[in-house]
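In this text, residue positions in the sequence shown follow numbering that gives the first Met the number 0: the first is 0, and each later residue adds one.
Quick reminder that beta carbons are idealized off the backbone N, C-alpha and C, glycines included.
Predicted model only: the values in this text are computed from it and were never measured.
Beneath this line is the structure, given in structure tokens, with notes to follow.
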Amino acid sequence: MTSAMCVQTAKEAVPNSHPIIVVGTGPVGIRAAQELRQRMPTQPLTLFGGEPWQPYDRIKLSSLLAGELDLDEISLERFRRQGNDHHQTQHLNCPILEIDRTNQQVKDVHGQWHHYSKLILAVGSHPHIPKIAGTELKGVYTFRNLNDAQALMARTARARHVVVIGGGLLGLEAAKAMQWGNTRVTVVQQGETLMNRQLDKLGGSYLQQSIEQVGIDVLTGNGVREIRGVERVEQIVLRDGTELTADTVIVAAGITPNRELALAAHLPVGHGIRVNDQLQTEDPNIYAVGECAEHGGVTYGLVAPGYEQAAVAAEHIAHQRGQYAGSLNVTALKVVGEEVFSMGEVTQLPKRIAQQELVFQDNEHYRKIVVHKGRLVGAISVGPWSEVRRIQEHVRQKRPLSIWQQWRFKRYGNIWPDNDDLSIQAWPAEAIVCNCMNISKGQLVDCVNTGCQNLQALSNKTGAGTVCGSCKPLLQEVCGSQQPLEPVRWSRSLALLSLLCIIGASLFTLFPSPISESVQQGWWLEQLWRDGTWKQVSGFTILGLSVAAALLSLRKRIKKFTLMNFEHWRLVHTVVGALIVSTLLIHTGLSLGSNLNRWLMISFLALLTIGCGAAIHSAISHKLSLSGSRRWQKIWLWGHILAFWPLPVLLTFHVLSVYYF
Numbered sequence: 000m001t002s003a004m005c006v007q008t009a010k011e012a013v014p015n016s017h018p019i020i021v022v023g024t025g026p027v028g029i030r031a032a033q034e035l036r037q038r039m040p041t042q043p044l045t046l047f048g049g050e051p052w053q054p055y056d057r058i059k060l061s062s063l064l065a066g067e068l069d070l071d072e073i074s075l076e077r078f079r080r081q082g083n084d085h086h087q088t089q090h091l092n093c094p095i096l097e098i099d100r101t102n103q104q105v106k107d108v109h110g111q112w113h114h115y116s117k118l119i120l121a122v123g124s125h126p127h128i129p130k131i132a133g134t135e136l137k138g139v140y141t142f143r144n145l146n147d148a149q150a151l152m153a154r155t156a157r158a159r160h161v162v163v164i165g166g167g168l169l170g171l172e173a174a175k176a177m178q179w180g181n182t183r184v185t186v187v188q189q190g191e192t193l194m195n196r197q198l199d200k201l202g203g204s205y206l207q208q209s210i211e212q213v214g215i216d217v218l219t220g221n222g223v224r225e226i227r228g229v230e231r232v233e234q235i236v237l238r239d240g241t242e243l244t245a246d247t248v249i250v251a252a253g254i255t256p257n258r259e260l261a262l263a264a265h266l267p268v269g270h271g272i273r274v275n276d277q278l279q280t281e282d283p284n285i286y287a288v289g290e291c292a293e294h295g296g297v298t299y300g301l302v303a304p305g306y307e308q309a310a311v312a313a314e315h316i317a318h319q320r321g322q323y324a325g326s327l328n329v330t331a332l333k334v335v336g337e338e339v340f341s342m343g344e345v346t347q348l349p350k351r352i353a354q355q356e357l358v359f360q361d362n363e364h365y366r367k368i369v370v371h372k373g374r375l376v377g378a379i380s381v382g383p384w385s386e387v388r389r390i391q392e393h394v395r396q397k398r399p400l401s402i403w404q405q406w407r408f409k410r411y412g413n414i415w416p417d418n419d420d421l422s423i424q425a426w427p428a429e430a431i432v433c434n435c436m437n438i439s440k441g442q443l444v445d446c447v448n449t450g451c452q453n454l455q456a457l458s459n460k461t462g463a464g465t466v467c468g469s470c471k472p473l474l475q476e477v478c479g480s481q482q483p484l485e486p487v488r489w490s491r492s493l494a495l496l497s498l499l500c501i502i503g504a505s506l507f508t509l510f511p512s513p514i515s516e517s518v519q520q521g522w523w524l525e526q527l528w529r530d531g532t533w534k535q536v537s538g539f540t541i542l543g544l545s546v547a548a549a550l551l552s553l554r555k556r557i558k559k560f561t562l563m564n565f566e567h568w569r570l571v572h573t574v575v576g577a578l579i580v581s582t583l584l585i586h587t588g589l590s591l592g593s594n595l596n597r598w599l600m601i602s603f604l605a606l607l608t609i610g611c612g613a614a615i616h617s618a619i620s621h622k623l624s625l626s627g628s629r630r631w632q633k634i635w636l637w638g639h640i641l642a643f644w645p646l647p648v649l650l651t652f653h654v655l656s657v658y659y660f
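Listed below in structure tokens is the structure:
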């Protein structure tokens, strides 16, 4: 990375129109420029950044501080690619100091004025410094930007005891990074639990146990009253009077939006720069996105909402449409090596009718879901959880959870069965795959269909996987999942046998009168359904075939059954179904019977018809959409199961009644 004064890294903007100016080259500012470029490829665009560095990924600062990455590895590759765009001009180490709304221009640190057609403020935030005596002493640091990280890297070799003020995500990451060199580290959290904005009390205690196991001391429910020392940090005094000897303090007590530029331009501000649903300030030509923006009285301290805001602002500028309805705060990261997930309504929940909080916990996992009126509205977890991505989509869409799914979660900690297909192929298009960049499966599939055939190309095009990288296995699966599906083995045989079964079952409704009444008396086939001996033979044959079919279905349910693969068993199951239909025709002569016998026949025919439908679906599933195939597979499965349950009872009464009378 290079540091340069007001570096210009592209050709001059097209002179026939004023450019759109983006102030801020953090991740959200770069994302706003990228979104604009996609929608307006020839529109002149100018970026201003206040730091003397090439734009970088703040999420990776803790890895840089811990010595796991170098400077080049945390840079934003998207910025370097945008630098080759001759419609875009970039100025680094060149902060904007003033906005002239009347003449639509901004003044940079060198006193030069730049005209704009639209202005996007992505100026971010700065660390919040609590009112604690002694914060001006040497040895007190913040951990927010690259300058802070470099200062702490220089300090690490001499630090003996580091006290981190703040038990949020950034504070915990700083604490882990400062352990490098066997430095003693203590986290002081004023709240009752760590990450109290994302986790409840029990979840925070699970996280605390994990953090203490790696050698970090944690003190919760106790703030810092004073930092003592002569010129340098020597001692920390807590609110309960406890004194800690320390030589380094890191303040990670939250952030404050940068609103000074907007305030000086007489734009309305609250905690941040106030914006409407189009991300416009009071001035319709000025937008604010990211940590500096306040929408509906809410500011967001995470990068994903900023990306959503950047997309809406760019859409409105380009096409005069686009509306922002707020964001769900989502945390899905490894915190000091522990997987933590939080989304939706999980802390400080209002007491509402029809609201449930379901908890599962064991020695290694803590999971909680919040269900309101049968719909999933929030979830948190500490520890690995394979269903996290699917949970995200359900919370985002507020999808319903059945009673069985809620019971399964309380019993086993999972909402879906272990053998349920969690492949990304079954995800809906709106499901978010890359949480950091807010990229959906639908966006990724569109990119694959337009030529991105490998992981690198997909990441370069969308930015997915370029932040924390945890979604790269899913991206790889997307690249491969767009290939045409192969039909199941013996698909034609399955379809033909099933179709014949359905035709055989339909004869009972097409010919409501028994065949025996429409043929000449004494016809030899009539003996098959009139003679008692033959009826017993055919009846017990049906019973035996039914038991065999039921046993064959266990191949899919019981993993210990490994003889032949499932495709063989499925074909045999279908053949047995066809034999049952044939024998049923012989046993009844197409008569549905009456009373109990009629209900038995209806149950039998429903089971056979639904089973045949499921087999036909399997045979043609390669021709269906992934989401449609998955949905119909569940419908056939549950229909087949429900049709089966009355059958044993009705069959038992039928056999008993025949022999009793």
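How long is the line joining the alpha carbons of residue i and residue j, rounded to whole angstroms?
{"i": "Phe560", "j": "Val432", "result": "Here the model assigns Phe560 a pLDDT of 47, short of 50, so the residue's position is not dependable, and the following value carries that caveat. If I take the Cα positions, the gap works out to 35 Å."}
{"i": "Ile285", "j": "Gly123", "result": "15 Å"}
{"i": "Gly321", "j": "Glu211", "result": "46 Å"}
{"i": "Asn181", "j": "Val213", "result": "11 Å"}
{"i": "Lys175", "j": "Gly166", "result": "12 Å"}
{"i": "Asp199", "j": "Val345", "result": "7 Å"}
{"i": "Leu262", "j": "Val444", "result": "43 Å"}
{"i": "Pro383", "j": "Gly202", "result": "13 Å"}
{"i": "Asn437", "j": "Leu499", "result": "49 Å"}
{"i": "Ser209", "j": "Thr185", "result": "14 Å"}
{"i": "His125", "j": "Ile215", "result": "26 Å"}
{"i": "Gly253", "j": "Thr219", "result": "16 Å"}
{"i": "Asp69", "j": "Tyr55", "result": "11 Å"}
{"i": "Gln319", "j": "Thr45", "result": "20 Å"}
{"i": "His270", "j": "Thr255", "result": "8 Å"}
{"i": "Val447", "j": "Ile423", "result": "14 Å"}
{"i": "Ser497", "j": "His639", "result": "14 Å"}
{"i": "Val163", "j": "Ile131", "result": "14 Å"}
{"i": "Val386", "j": "Trp415", "result": "In the sequence as presented, Val is not what sits at residue 386; that position holds Glu. C-alpha separation (whole angstroms): 8 Å."}
{"i": "Val161", "j": "Val274", "result": "39 Å"}
{"i": "Leu357", "j": "Phe408", "result": "8 Å"}
{"i": "Ser661", "j": "Asn102", "result": "Residue 661 is absent from the model: the chain starts at 0 and stops at 660."}
{"i": "Leu64", "j": "Phe142", "result": "10 Å"}
{"i": "Leu206", "j": "Gly450", "result": "43 Å"}
In the DSSP assignment, what are the bridge partners of residue i?
{"i": "Glu293", "result": "Arg273"}
{"i": "Asp99", "result": "Gln104"}
{"i": "Ser124", "result": "Pro256"}
{"i": "Gly167", "result": "Beta-bridge pairing links Gly167 to no other residue."}
{"i": "Lys471", "result": "Lys471 pairs with nothing; no bridge assigned."}
{"i": "Ala132", "result": "Glu225"}
{"i": "Lys137", "result": "Arg231"}
Considering residue i, what are the terminal residues of the beta strand (DSSP E) in which it resides?
{"i": "Trp112", "result": "Trp112 to His114"}
{"i": "Cys433", "result": "Ile431 to Cys433"}
{"i": "Phe340", "result": "Glu337 to Gly343"}
{"i": "Ser380", "result": "Arg374 to Val381"}
{"i": "Tyr286", "result": "Ile285 to Ala287"}
{"i": "Lys59", "result": "Taken as a continuous stretch (DSSP letters only), Lys59 belongs to no beta strand (DSSP E), as it is neither H nor E."}
{"i": "Leu243", "result": "Glu242 to Thr244"}
{"i": "Tyr365", "result": "Tyr365 to His371"}
{"i": "Phe142", "result": "Premise fails: Phe142 is in no beta strand (DSSP E) and is neither H nor E."}
{"i": "Leu266", "result": "Careful: Leu266 lies outside any beta strand (DSSP E) and carries neither H nor E."}
{"i": "Val90", "result": "The residue you asked about is not Val; residue 90 is His in the sequence shown. Looking at the DSSP string, the run of the beta strand (DSSP E) that includes His90 is Gln87 to Leu91."}
{"i": "Glu356", "result": "Gln354 to Gln360"}
In the DSSP assignment, the alpha helix (DSSP H) including residue i goes from what residue to what residue?
{"i": "Ser602", "result": "Leu595 to Ile619"}
For the putative contact between residue i and residue j, defined by C-beta atoms under 8 Å, what is the C-beta separation to the nearest angstrom?
{"i": "Glu116", "j": "Ser204", "result": "As written in the sequence, residue 116 is Ser, which differs from the Glu given in the question. About 53 Å; that fails the 8 Å criterion."}
{"i": "Ala378", "j": "Ile368", "result": "5 Å"}
{"i": "Asn434", "j": "Ala303", "result": "6 Å"}
{"i": "Gln278", "j": "Tyr306", "result": "The residue asked about is misnamed: residue 278 is Leu in this sequence, not Gln. Not confirmed; about 12 Å, so no contact."}
{"i": "Ala504", "j": "Leu604", "result": "5 Å"}
{"i": "Gln42", "j": "His86", "result": "7 Å"}
{"i": "Gly138", "j": "Thr247", "result": "5 Å"}
{"i": "Leu136", "j": "Arg238", "result": "That pair is no contact at about 19 Å."}
Using a Cβ-Cβ distance cut-off of 8 Å, determine whether residue i contacts chain D.
{"i": "Arg36", "result": "No chain D is part of this structure, which consists of one protein chain only."}
Original post:
If we count Cβ pairs, one from each stretch, closer than 8 Å, do we get three or more for the region 397-413 versus the region 221-228?
Top reply: no
Subject >> Cβ pair count under 8 Å reaching 3, the region 288-308 against the region 140-160 >> reply: no
Original post:
Is it a yes or a no for the region 55-62 touching the region 292-299, going by three-plus beta-carbon pairs under 8 Å?
Top reply: no
Original post:
For the region 312-329 against the region 29-46, are there 3 or more C-beta pairs whose distance is under 8 Å?
Top reply: yes
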